[in-house]
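**Q** Please find one structure pasted underneath; my questions will follow.
There are 2 protein chains.
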Amino acid sequence: MEKPLTASLRQYEVFVAIAETLHFGQAAAHLGVAQPALTQQLKHLETAFDGALLFDRNRRRVTLTEFGRALLPEARALLQQARRVEAVAEAARTGQRGRIELAYVGSASYAGILGRLLRELRAGAAGVNLILRELDMDLQIAEIVAGRLDAGFVRLPLSGVPETLLTRTVHTEDILLAVPPDHRLARVPSVAMATLREENFIFSHLGPDMGFAACAYQLCADAGFAPRVAHRAPQFTAIVNFVSAGLGVAFVPTSAARMKDAGVSFLPIKDAKVQSRIGLAYLRDPSNPVLRRLLDTIEPES
Amino acid sequence: MEKPLTASLRQYEVFVAIAETLHFGQAAAHLGVAQPALTQQLKHLETAFDGALLFDRNRRRVTLTEFGRALLPEARALLQQARRVEAVAEAARTGQRGRIELAYVGSASYAGILGRLLRELRAGAAGVNLILRELDMDLQIAEIVAGRLDAGFVRLPLSGVPETLLTRTVHTEDILLAVPPDHRLARVPSVAMATLREENFIFSHLGPDMGFAACAYQLCADAGFAPRVAHRAPQFTAIVNFVSAGLGVAFVPTSAARMKDAGVSFLPIKDAKVQSRIGLAYLRDPSNPVLRRLLDTIEPES
DNA sequence: GTCCAGTGATCTGTCTTGCTTATCACCCGG
DNA sequence: CCGGGTGATAAGCAAGACAGATCACTGGAC
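First to last, the protein sequences are chains A and B.
Counting in the working numbering, the first sequence runs from 161 upward without gaps.
Counting in the working numbering, the second sequence runs from 161 upward without gaps.
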């Protein structure tokens with residue numbers, strides 16, 4: 161057990177104020193209190209130091225003693241640190257400083273949204289310690305619910321998640337149809353959903369009610385058919401590879417169309433009524449101020 | 161006017177104690193208070209930060225919030241600085257830290273006493289800022305009385321100085337007689353005062369009642385004669401030079417006999433009853449703790 | 001489910017602290 | 001010698017800190 165501290169911040173504050181003006185009355189005005197308070201506080205401080213005087217008070221002139229002179233820089237440093245703590249507290253409270261742990265699904269990294277958002281997050285908040293990692297959607301949800309992850313970027317929608325898990329859309333993009341080089345649609349400028357009824361589709365592994373797959377199924381449902389799923393693959397890179405190999409066609413988000421892979425064509429869909437949305441998933445009433453600040457930089461939607 | 165500090169050291173102390181144990185009861189025991197006090201103080205601290213919580217208290221487990229985690233290192237630094245201030249205060253109070261301004265007469269530097277005393281002063285007190293300069297005795301006294309000098313090494317005795325000026329002997333040495341090479345006494349091993357009645361003497365500038373000159377006059381008076389002063393010189397180096405030139409003989413302290421100058425002989429005086437003393441002169445009840453500490457290292461004499 | 005041990009929050013009364021106002025004591029310049 | 005300026009002192013009051021007792025909630029044992 162360390163020995164208890166014997167003097168208070170207030171006492172050092174008084175000491176430094178008097179040392180700066182060498183005048184009790186002016187120092188009192190500066191601190192916004194009456195003069196007797198200073199006499200008392202200073203006396204308390206001196207008592208804390210075994211009665212060693214900090215000032216020579218000659219009734220007419222106040223001067224620092226050698227003891228006071230030795231103490232002054234340390235006392236100043238203490239006050240400065242005290243102010244610093246409060247400044248840091250303010251920054252931490254408003255999320256301009258602190259730590260946040262985020263994750264993102266692989267396909268979110270194509271969209272360029274990550275860089276933009278995180279740049280915004282750090283704008284004027286250099287003290288933010290950001291831990292970012294790629295993680296699949298289902299694992300993200302588990303980590304967030306368990307409190308081990310602050311938030312994650314996922315493909316919406318979610319389903320079967322606790323009510324306390326909220327999402328907010330941060331990016332929306334069109335869905336394209338990826339077709340192999342030798343496919344009958346490879347050269348057309350765009351395609352209508354109705355013409356795809358008989359195609360073999362490559363879908364992601366995720367179930368039909370979550371993420372990008374849910375949008376893809378919705379597209380087909382809107383067109384009045386259920387897609388024939390010929391293959392499944394975990395990521396869009398794999399899906400596009402499969403398409404390139406001629407195993408079928410696939411829906412992909414616009415951002416995934418950057419991979420001009422072995423002659424795969426990416427066709428706009430004329431009558432698509434749904435888009436793919438990337439959202440940030442997080443627990444309701446987040447306590448992490450950095451996360452709150454991040455949410456504030458996003459328009460409050462969904 | 162800086163904005164006032166909103167939180168006290170005590171509150172940070174409580175915060176850090178709880179953060180270290182993550183247990184209110186144990187932290188309270190550690191601080192030597194009852195548990196409710198911690199709840200209160202912590203709440204006050206949180207209120208000071210706009211109500212932002214520092215801990216999640218789940219009744220069963222106490223964990224730092226992200227806000228608390230961000231604040232903890234700064235709060236620790238603050239407490240460390242507070243402890244440092246008190247340590248510095250203790251060191252300054254006991255004279256192990258601080259500033260002291262000393263002076264010495266030229267002849268004190270021969271005696272080697274300066275180095276020894278000041279080495280003792282700095283032993284275990286590396287924080288002492290020592291300002292040292294050579295200064296004539298009369299100027300030293302003026303500076304000390306005016307409060308511009310803490311203390312000075314002079315040749316005793318003093319006279320005609322304020323009662324508040326005290327001295328303490330730090331070194332005592334025999335007085336020798338310096339004689340020119342071609343003097344009738346140049347070859348004798350020692351000399352008796354009675355044989356010097358008719359000599360021409362070289363004395364220092366200072367009056368007959370202060371410093372080394374007072375001792376020299378006393379020697380002669382003890383032998384029953386008043387010295388015939390042929391010349392005066394300000395320092396012992398000059399006096400020995402005069403002796404070397406054959407202008408007369410002179411009394412010098414042993415330490416000044418180091419200058420084996422052009423064949424001057426330094427003879428012990430058989431029946432000398434006085435010695436020359438170097439003393440530290442200072443104002444009574446010194447407020448400078450470093451000076452007090454210096455005085456403590458000297459046996460309280462004179 | 002029921003109970004129990006553990007733990008933080010709350011309540012209350014007491015003592016301490018910090019501040020204010022009023023006044024005193026002292027120094028110094030005219 | 002007197003008056004302005006300044007720090008110290010005194011008294012009173014409001015706020016704060018703390019102890020002790022108690023409450024309220026959690027989570028594990030069975």
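Every residue, glycine too, gets a C-beta built ideally from N, C-alpha and C.
1. Cβ of alanine 390 of chain A within 7 angstroms of Cβ of asparagine 360 of chain A?
2. Measuring only between beta-carbons, confirm whether arginine 525 of chain B sits less than 7 angstroms from chain A.
3. What residues from the segment 165-178 of chain B come within 8 angstroms of chain A, judged by C-beta to C-beta, listed N to C?
4. Quick one: what does DSSP say glutamate 461 of chain A is sitting in, helix, strand or coil?
5. In whole angstroms, give me the CA-to-CA distance for leucine 316 of chain A and alanine 302 of chain A.
6. Under 7 angstroms between beta-carbons, which chain A residues line up against valine 305 of chain B? List them in chain order, please.
7. According to DSSP, arginine 357 of chain B sits in a beta bridge with which residue or residues?
8. Taking the alpha carbon of glutamine 241 of chain A as the reference point, which residue from B/Tyr172, B/Ala249, B/Leu290, B/Ala311 has its own alpha carbon closest?
9. May I have the straight-line CA-CA distance separating leucine 198 of chain A from leucine 281 of chain A, to the nearest angstrom?
10. Out of B/Asp210, B/Val348, B/Phe227, B/Gln200, which has the shortest C-alpha to C-alpha gap to isoleucine 260 of chain A?
11. Hey, which unbroken runs of the alpha helix (DSSP H) at 4 residues or more fall wholly within the segment 293-374 of chain B?
12. Here's a check: name, in chain order, each residue in its chain whose Cβ is nearer than 6 angstroms to the Cβ of phenylalanine 385 of chain A, leaving out the five neighbours to either side.
13. DSSP three-state label for aspartate 445 of chain B, please.
14. Are alanine 286 of chain A and isoleucine 438 of chain A closer than 7 angstroms when you measure CB to CB?
15. Using a Cβ-Cβ distance under 7 angstroms, would alanine 188 of chain A count as near chain B?
16. Find the residues of chain B that neighbour proline 466 of chain A, judging by a C-beta separation of less than 7 angstroms, and give them in chain order.
17. What is the DSSP secondary structure of phenylalanine 385 of chain B, reduced to helix, strand or coil?
18. Taking a contact to mean a Cβ-Cβ separation below 7 angstroms, would you say alanine 179 of chain A touches leucine 232 of chain A in this structure?
19. Taking Cβ-Cβ distances shorter than 7 angstroms, what residues in chain A pair up with glutamine 241 of chain B?
20. Below 8 angstroms, can you find three or more Cβ-Cβ pairs linking the segment 201-212 of chain B to the segment 193-213 of chain A?
21. Can you tell me the Cβ-Cβ gap for leucine 336 of chain A and isoleucine 429 of chain A, rounded? I've got them flagged as a contact below 8 angstroms.
22. Could you tell me whether any Cβ in chain A is nearer than 7 angstroms to the Cβ of phenylalanine 215 of chain B?
23. Helix, strand or coil: which one does DSSP assign to leucine 165 of chain A?
24. For the alpha helix (DSSP H) holding isoleucine 273 of chain B, just list the boundary residues, first then last.
25. Just the Cα atoms here: how many angstroms apart are methionine 419 of chain B and leucine 169 of chain A?
26. Assuming alanine 235 of chain A and valine 176 of chain A are in contact, meaning their beta carbons sit under 8 angstroms apart, how far apart are those beta carbons, in whole angstroms?
27. Checking 7 angstroms against the spacing of the C-beta atoms, do phenylalanine 396 of chain A and alanine 416 of chain A come in under that value?
28. Whole-angstrom Cβ separation of valine 339 of chain B and serine 425 of chain B, contact assumed at under 8 angstroms?
29. Which residues in chain B have a C-beta closer than 9 angstroms to the C-beta of alanine 194 of chain A? List them in chain order.
30. Compare the C-beta of proline 446 of chain B with all C-beta atoms of chain A and state if any pair is closer than 7 angstroms.
31. Can you tell me the Cβ-Cβ gap for arginine 464 of chain B and leucine 455 of chain B, rounded? I've got them flagged as a contact below 8 angstroms.
32. To the nearest whole angstrom, what separates the beta carbons of valine 314 of chain B and alanine 441 of chain B, a pair I think is in contact under 8 angstroms?
33. In this structure, does DSSP put threonine 199 of chain B in helix, strand or coil?
34. Among residues of its own chain, excluding the 5 on either side of phenylalanine 363 of chain B, which ones have a beta-carbon nearer than 6 angstroms to its beta-carbon?
35. Please report the straight-line C-alpha distance between lysine 163 of chain B and valine 174 of chain A, rounded to a whole angstrom.
36. Can you say whether leucine 292 of chain B is buried or exposed, counting buried as having 16 or more other CB atoms within 10 angstroms of its CB?
**A** The short version:
1. Along the first sequence, read from residue 1 onward, the residue named residue 390 of chain A stands at position 230. Along the first sequence, read from residue 1 onward, the residue named residue 360 of chain A stands at position 200. Contact flag set, yes.
2. There is simply no residue 525 of chain B to check, as chain B begins at 161 and stops at 462 in what is shown.
3. Leu165, Thr166, Ala167, Ser168, Leu169, Arg170, Tyr172, Glu173
4. Here residue 461 of chain A refers to the residue found at position 301 of the first sequence. Since pLDDT at glutamate 461 of chain A reaches only 49, below the 50 mark, its modelled position is unreliable, and no value is offered.
5. Within the first sequence, numbered from 1, the residue matching residue 316 of chain A stands at position 156. Within the first sequence, numbered from 1, the residue matching residue 302 of chain A stands at position 142. Distance between the alpha carbons of leucine 316 of chain A and alanine 302 of chain A is about 16 angstroms.
6. Looking up residue 305 of chain B in the second sequence gives position 145. What valine 305 of chain B touches in chain A: nothing, since even the nearest Cβ is about 16 angstroms away.
7. For the purposes of this step, residue 357 of chain B is taken as the residue at position 197 of the second sequence. Its beta-bridge partners do not exist; DSSP assigns none.
8. Your numbering for residue 241 of chain A matches position 81 in the first sequence. For the residues B/Tyr172, B/Ala249, B/Leu290, B/Ala311, the minimum Cα distance to glutamine 241 of chain A belongs to B/Tyr172.
9. Along the first sequence, read from residue 1 onward, the residue named residue 198 of chain A stands at position 38. Along the first sequence, read from residue 1 onward, the residue named residue 281 of chain A stands at position 121. Each residue's alpha carbon lies about 45 angstroms from the other.
10. Along the first sequence, one-based indexing puts residue 260 of chain A at 100. Per the Cα distances, B/Phe227.
11. 297-305
12. Translated into positions along the first sequence, residue 385 of chain A becomes position 225. Cβ within range, chain order: Arg357.
13. In the second sequence, residue 445 of chain B corresponds to position 285, counting from 1. DSSP places aspartate 445 of chain B in coil when its eight states are reduced to three.
14. In the first sequence, counting from the first residue as 1, residue 286 of chain A sits at position 126. In the first sequence, counting from the first residue as 1, residue 438 of chain A sits at position 278. No.
15. As a first step, residue 188 of chain A must be located in the first sequence, where it is residue number 28. By this cut-off, alanine 188 of chain A is not an interface position.
16. The structure shown does not extend to residue 466 of chain A, since chain A is modelled only from 161 to 462, so the question has no answer here.
17. Position 225 of the second sequence, counting from 1, holds the residue named residue 385 of chain B. In the structure shown, phenylalanine 385 of chain B sits in coil (DSSP, three-state: anything other than H, G, I, E or B).
18. Taking the first sequence and counting its residues from 1, the one referred to as residue 179 of chain A is at position 19. Taking the first sequence and counting its residues from 1, the one referred to as residue 232 of chain A is at position 72. Going by C-beta atoms, alanine 179 of chain A is nearer than 7 angstroms to leucine 232 of chain A.
19. Within the second sequence, numbered from 1, the residue matching residue 241 of chain B stands at position 81. Neighbours of glutamine 241 of chain B on chain A, chain order: Ala237, Leu238, Gln241.
20. no
21. Counting from 1 along the first sequence, the entry for residue 336 of chain A is found at position 176. Counting from 1 along the first sequence, the entry for residue 429 of chain A is found at position 269. At roughly 7 angstroms, the Cβ-Cβ gap stays under 8 angstroms, so leucine 336 of chain A and isoleucine 429 of chain A are in contact.
22. Your numbering for residue 215 of chain B matches position 55 in the second sequence. Not closer than 7 angstroms to any Cβ of chain A, the Cβ of phenylalanine 215 of chain B fails to qualify, so no.
23. The residue given as residue 165 of chain A occupies position 5 in the first sequence. Coil.
24. Taking the second sequence and counting its residues from 1, the one referred to as residue 273 of chain B is at position 113. Per DSSP, isoleucine 273 of chain B belongs to the alpha helix (DSSP H) from 273-282.
25. Here residue 419 of chain B is taken as the residue at index 259 of the second sequence, counted from 1. Here residue 169 of chain A is taken as the residue at index 9 of the first sequence, counted from 1. When rounded, the distance between both Cα atoms is 59 angstroms.
26. Taking the first residue of the first sequence as 1, we reach residue 235 of chain A at position 75. Taking the first residue of the first sequence as 1, we reach residue 176 of chain A at position 16. That belief holds up - the Cβ atoms of alanine 235 of chain A and valine 176 of chain A are roughly 5 angstroms apart, short of 8 angstroms.
27. One-based indexing of the first sequence puts residue 396 of chain A at position 236. One-based indexing of the first sequence puts residue 416 of chain A at position 256. Yes.
28. The residue you call residue 339 of chain B lines up with position 179 of the second sequence. The residue you call residue 425 of chain B lines up with position 265 of the second sequence. About 5 angstroms separates the two Cβ atoms, so the contact holds.
29. For the purposes of this step, residue 194 of chain A is identified with residue 34 of the first sequence, where counting begins at 1. Under the 9 angstroms cutoff, chain B gives no residues; its nearest Cβ is about 15 angstroms from alanine 194 of chain A.
30. Reading the second sequence from its first residue, position 286 is the one you call residue 446 of chain B. Taking Cβ atoms only, chain A never reaches closer than 7 angstroms to proline 446 of chain B, which makes this a no.
31. Nothing can be reported for residue 464 of chain B: it is not among the residues displayed for chain B, which extend from 161 to 462.
32. The residue given as residue 314 of chain B occupies position 154 in the second sequence. The residue given as residue 441 of chain B occupies position 281 in the second sequence. Confirmed, Cβ separation roughly 5 angstroms.
33. On the second sequence, residue 199 of chain B is found 39 positions in, with the first residue counted as 1. Note: threonine 199 of chain B maps to helix in three-state DSSP.
34. Along the second sequence, one-based indexing puts residue 363 of chain B at 203. Correct list, in chain order: Ala373, Val389, Arg392.
35. Sequence index remark: in the second sequence, residue 163 of chain B carries index 3 (1-based). Sequence index remark: in the first sequence, residue 174 of chain A carries index 14 (1-based). Their Cα atoms are separated by approximately 14 angstroms.
36. Here residue 292 of chain B refers to the residue found at position 132 when the second sequence is read from its first residue. By the neighbour-count rule (16 or more Cβ atoms within 10 Å), leucine 292 of chain B is not buried but exposed.
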